[in-house]
């Protein structure tokens, strides 16, 4: 039995506007040519990009700056935890690579001895209505990371754009409930199946990456990287953070803030000892974390193939390209072309 | 809903012990019925409100787990604030975190404790534990090195250990110092001179990175196998629970998979 329903183009705006009565609704907006999620204002124009949204959803579940406790600066001790809160919300228009990013964050924050209850609360209050990609953008390579641009895994409901409207389908109870609307009509249509291209940024296996630890290629790779860290901000699975106190006019907040392994201060300890002082050691740590350590920790590499790191890289080289270059090197090494290089003494 | 694990609980500074020119120890008392059930080798995250948080080894645990000690070397922003604190002040703590020294697996063996400077701090609970369960263990040997006499910590403990006939204590300072008539020489050299044999023994080593590295080399030279040499590692930490990302050696997080490792569990470059 066909589970897809149809909605007319013109009805989408009415449908989403109606949802705002009960929900906080997040949709993609185009700002200066770049797509980013924002809270929907009733009546505003609504459009969805065919493929990856420039800014990832990470901030919705794990905010850039997140107060976890407050205190009165003038007291010696008055630290009070911030209780998780927020009304139910719906995110409309995310893609399979966004789901993969959320699934990875779940592994870090939920499948832990110390579950992050604030993250859990953000997840719990959110219904995910995903959009099937209708094309792969310039830097998309999810097909090289085991994903399919029109897969629906992990979504509560999914929709696809067709010539004269949208096809929608509820996948979970929550999703089906959201789709209960007068604007949806039963149809026989299903979204077109596509053959998706692959091979843009093929990478070696985690085991092969691990064998490259001592290679001199990290020095070559760090020579073409500014270690500015913007790729870690854009990445949907980079969730490293700092815990710090911020004081403002007597009111204090203990916050977690995004941090980046590409910055020199990331591993610097009091007294100045730094286990990853050189750019080479930081580039190596991030590359191996994405393509090997993550696999050893969680059974899944932490690159979703969204290509955002390439989009934001000031040198347009970024990660997948570095990974691909490393993969070439691994191949060369196997053929016996390259000599092993000097080892960096850092972790 | 429960608060996020990252929010600390208040503890009272019960007593402050001036250990050396830049190290103070703090006896901390849990609030109410709170407990700190730390096993030897575990660590805590300590907060000074308004100044943040840092990682400290638990250096002594009371039997009822209501009190525990940390030792703090004044070296950065937070440790400076801790050094300004007074008895009765309230600071924050969360933990205990990390794995611990597998003291129960070591029963029947001789224990060799090798500490350099503040590196003795995370090892002291092992000494306490062995002394508490004396019959379960063989000989206890302690090698402790400091840069200078002024840097020697735990002077009261050292006196007790020195008088204990069941303990062989080797105290050393790095370079000769006026008025010091004891042993002189860095820890790795002392270990070599003592020709400590590995048979039926476990060694635990902690100190500055360079001391750990050369002490490990000295022990290997004396034919100690890697799985009989234990260390506790330190790296920049923020969360202590394997989420903030930074304290990794390869795929392992020091805070979660460590801080205690035997040398066969970590790559050579980690030392």
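Chains as they are written, first to last, in my numbering: chain B, 1 to 347; chain W, 348 to 618. C-beta atoms are modelled at their ideal positions from N, C-alpha and C, and glycine is treated no differently. Source: prediction; values computed, not measured.
query: Outcome for residue 16/B when other beta-carbon atoms lying within 10 angstroms are tallied against a minimum of 16; result: buried
query: Residues bridged to residue 579/W (per DSSP); result: 607/W
query: Burial state of residue 342/B (16 or more Cβ within 10 Å); result: The pLDDT assigned to residue 342/B is 47, lower than 50, so where the model puts this residue is not dependable; a value taken from the coordinates is nonetheless given after this. With fewer than 16 Cβ atoms within 10 Å of its Cβ, residue 342/B is classed as exposed.
query: Reference residue 460/W, options 491/W, 452/W and 479/W, closest by Cα; result: 491/W
query: Collapsed DSSP secondary structure at residue 159/B in the structure displayed; result: strand
query: Integer Cβ distance of residue 560/W from residue 618/W, believed to fall under 8 Å; result: 5 Å
query: CB contact check: residue 582/W to chain B, cutoff 8 Å; result: yes
query: Same chain only: Cβ atoms within 7 Å of residue 340/B, ignoring 5 sequence neighbours per side; result: For residue 340/B, the pLDDT reaches just 48, beneath the cut-off of 50, and the residue's location in the model is therefore unreliable, although a value from the coordinates is still provided. Excluding residues within five positions, the ones whose Cβ falls inside 7 Å are 214 and 215.
query: Residue ranges of each beta strand (DSSP E) within the segment 464-507 of chain W, 3 or longer; result: 487-493
query: Extent of the continuous alpha helix (DSSP H) run through residue 97/B; result: 96-109
query: Delimiting residues of the beta strand (DSSP E) encompassing residue 67/B; result: 65-72
query: One or two residues paired with residue 374/W in a DSSP bridge; result: 362/W and 416/W
query: Minimum length 4: unbroken alpha helix (DSSP H) runs contained in the segment 248-313 of chain B; result: 279-288, 294-298 and 308-312
query: Rounded separation between residue 334/B and residue 615/W - CA only; result: 24 Å
query: Residue 120/B in three-state terms, based on DSSP; result: helix
query: Three-way DSSP call (helix, strand, coil) for residue 48/B in this model; result: coil
query: Span of the alpha helix (DSSP H), counted from its first residue to its last, around residue 584/W; result: Neither: residue 584/W is in no alpha helix (DSSP H) and is coded neither H nor E.
query: Three-state secondary structure (DSSP) of residue 184/B; result: coil
query: Near-chain B residues of the segment 550-569 of chain W (beta-carbon distance less than 8 Å), N- to C-terminal order; result: 556
query: Under 8 Å between C-beta atoms of residue 70/B and residue 246/B; result: no
query: For residue 402/W, the residue or residues it bridges with in DSSP; result: 392/W
query: Beta-bridge partners of residue 37/B, as assigned by DSSP; result: 28/B
query: Option nearest residue 305/B by Cα separation, candidates 324/B, 274/B, 285/B and 93/B; result: 324/B
query: Assigned secondary structure, residue 595/W (DSSP; H/G/I helix, E/B strand, else coil); result: strand
query: Segments assigned beta strand (DSSP E), at least 3 residues, entirely inside the segment 503-554 of chain W; result: 514-520 and 548-553
query: Beta-carbon gap between residue 157/B and residue 222/B smaller than 8 Å; result: no
query: Burial state of residue 190/B (16 or more Cβ within 10 Å); result: exposed
query: Neighbour list for residue 437/W in chain B, Cβ cutoff strictly below 7 Å; result: 76 and 77
query: Classification of residue 557/W by the beta-carbon crowding that lies within 10 angstroms, buried from 16 upward; result: exposed
query: Within-8 Å CB hit, residue 253/B to chain W; result: no
query: Rounded straight-line distance, which links the Cα of residue 92/B to that of residue 170/B; result: 13 Å
query: Cβ neighbours of residue 110/B in the same chain (closer than 8 Å, five flanking residues each side left out); result: 116, 119, 120 and 123
query: Rounded Cβ spacing between residue 217/B and residue 329/B (contact assumed at less than 8 Å); result: 5 Å
query: Residue-level contact to chain W via CB, residue 256/B, 8 Å cutoff; result: yes
query: DSSP three-state assignment for residue 340/B, whether helix, strand or coil; result: For residue 340/B, the pLDDT reaches just 48, beneath the cut-off of 50, and the residue's location in the model is therefore unreliable, leaving the point undetermined.
query: As assigned by DSSP and simplified to three states, the class of residue 357/W; result: strand
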